[in-house]
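Asker:
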Amino acid sequence: MKYVCDVCGWEYDEEQGYPEGGIAPGTKWEDVPEDFECP
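No gaps in the numbering here: position 5 of the sequence shown is 4 in numbering that gives the first Met the number 0, and each next residue is one more.
1) So, for C4: in the same chain, excluding its five sequence neighbours on each side, which residues have a beta-carbon less than 6 Å away from its beta-carbon?
2) With a cut-off of 8 Å on the beta carbons, I'd call E13 and T26 a contact; round off their distance for me.
3) What's the gap between the Cα of G16 and the Cα of K1?
4) Quick one: what's D12 bridged to in DSSP?
5) Compute the Euclidean distance between the alpha carbons of G21 and C7, then round it to the nearest angstrom.
This is the structure:
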């Protein structure tokens, strides 16, 4: 599933994760740390 930031439009894809930010592929959006900020 994909999530889109309402502010900047950045997209998070659970399948891909965000390895550059320390979020492994397969990480569900609800499991992303609370202090995560869009890149």
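Ideal Cβ placement from N, Cα and C applies to all residues, glycine included.
Here the structure is a predicted model, which means the values were calculated and not measured.
Answerer: Reading it off the structure:
1) The residue given as residue 4 occupies position 5 in the sequence shown. Sequence-distant partners of C4 (beyond 5 residues in either direction) whose C-beta falls short of 6 Å from its own C-beta, in its chain, are C37.
2) Numbered from its first residue, the sequence shown carries residue 13 at position 14. Numbered from its first residue, the sequence shown carries residue 26 at position 27. Between T26 and E13 the Cβ distance is about 7 Å, and since that is below 8 Å, they are a contact.
3) Stepping through the sequence shown from its first residue, residue 16 is reached at position 17. Stepping through the sequence shown from its first residue, residue 1 is reached at position 2. Going by C-alpha positions, G16 is about 10 Å away from K1.
4) Here the question's residue 12 lines up with position 13 in the sequence shown. For D12, the pairing in a beta bridge is given by DSSP as K1.
5) The residue given as residue 21 occupies position 22 in the sequence shown. The residue given as residue 7 occupies position 8 in the sequence shown. Answer to the nearest angstrom: the Cα atoms are 20 Å apart.
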